[in-house]
Ligand SMILES: [Ca+2]
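In our numbering, the protein residues as written are 11 to 226.
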């Protein structure tokens, strides 16, 4: 064996040894990881939950208030249920419907008076809306004074929605007084003046406009 051949073999062994050491250190490296199987699962998304906005045509009327979640709120009817109606034909009793915000419980209290022949609350309670394209509902009630105040706060959106829905049978709120279900005494109840943007108290025998609301 000549010197050149010996050198070649030595170089070869040396290269092999270096390669073996390098391969071993790579396998032991703490950063080496078992290849991950690609995640083929479809990412799970929570189902899309619709949110509602003031002015939306929804639930048989117009949304005039929504809670922070956008899932719940209040709807005002597309029409006036009456343009000339007393709060009640019986004014000798204090019904106890004095809640400023809960028109539904006020309405139930008034409706629960067996002797009543006629009342604004009864008119709303027994109302079923026509189908205006967003469903038919029969859970309407006479709004509390606080709820009517919310209608006033959303006056722009409500009036715009009612007058630009392409239906001449659905009418904007008139600039006049509307009865609330909030009672102030045996003989008086609250109404909201959409001509002045203010709440007032008046005789239950007085005739005012009536528009119903419902909650979702
Ligand atoms: Ca209309």
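The beta-carbon is built from N, C-alpha and C at its ideal position, and this holds for glycine as well. Here the structure is a predicted model, which means the values were calculated and not measured.
Count the other C-beta atoms from every protein chain shown that fall within 10 angstroms of the C-beta of residue 84, then say buried if there are 16 or more, exposed otherwise.
Per the 10 Å Cβ criterion, buried.
I'd like to confirm something about residue 110: is its beta-carbon nearer than 7 Å to some heavy atom of ligand 1, or not?
Taking non-hydrogen atoms of ligand 1 into account, the C-beta of residue 110 is found less than 7 Å away from none of them.
Between residue 66 and the rest of its own chain, which residues show a CB-CB distance below 8 Å, the 5 nearest in sequence each way excluded?
Closer than 8 Å at the Cβ level, and outside the excluded window around residue 66, lie 72, 73, 171.
Assigned secondary structure, residue 68 (DSSP; H/G/I helix, E/B strand, else coil):
In the structure shown, residue 68 sits in a strand (DSSP, three-state: E or B).
Ligand 2 heavy atom lying under 7 Å from the CB of residue 158:
Absence of ligand 2 is noted for the structure shown, with ligand 1 being the only ligands found.
As a quick exercise: from 190, 140, 178, pick the residue whose alpha carbon is nearest that of residue 216.
By alpha-carbon distance to residue 216, the top candidate from 190, 140, 178 is 190.
Give the DSSP bridge partners of residue 140, in chain order.
Beta-bridge analysis with DSSP links residue 140 to no other residue.
Check whether residue 109 and residue 154 have beta carbons under 8 Å apart
Against a cut-off of 8 Å, the Cβ pair of residue 154 and residue 109 comes out as a contact.
Exposed or buried, residue 160, counting other C-beta atoms within 10 Å across all chains shown (16 or more means buried)?
With 16 or more other Cβ atoms within 10 Å, it is buried.
If we require 4 or more residues per run, which alpha helix (DSSP H) segments fall completely within the segment 137-209?
Complete alpha helix (DSSP H) runs here, min 4: 155-163, 165-173.
For ligand 1, is there any heavy atom lying closer than 7 Å to the beta carbon of residue 180?
At least one heavy atom of ligand 1 is nearer than 7 Å to the Cβ of residue 180, so yes.
Can you have a look at residue 206 and say buried or exposed, based on whether 16 or more other CB atoms are within 10 angstroms of its CB?
It is exposed - the Cβ of residue 206 has fewer than 16 other Cβ atoms within 10 Å.
Identify, in the order they occur along the chain, each residue of the same chain with its Cβ nearer than 6 Å to the Cβ of residue 107, setting aside the five sequence neighbours on each side.
Excluding sequence neighbours, residue 107 sits near 116, 119, 120, 191, 193.
Given residue 79 as reference, the closest of 62, 199, 112 once Cα atoms are compared:
Closest option to residue 79, judged by alpha-carbon separation, among 62, 199, 112: 62.
Looking at ligand 1, does it come within less than 7 Å of residue 173, judged from the CB to the closest heavy atom?
Residue 173: yes, Cβ under 7 Å from ligand 1.
So the candidates are 77, 86, 58; which of them puts its Cα closest to the Cα of residue 69?
It is 86 whose Cα lies nearest to the Cα of residue 69.
What residue does the alpha helix (DSSP H) around residue 133 start on, and which one ends it?
Here the alpha helix (DSSP H) through residue 133 covers 130-135.
If you measure between the beta carbons of residue 95 and residue 220, is that distance less than 8 Å?
It is a contact, given that the beta carbons lie within the stated cut-off.
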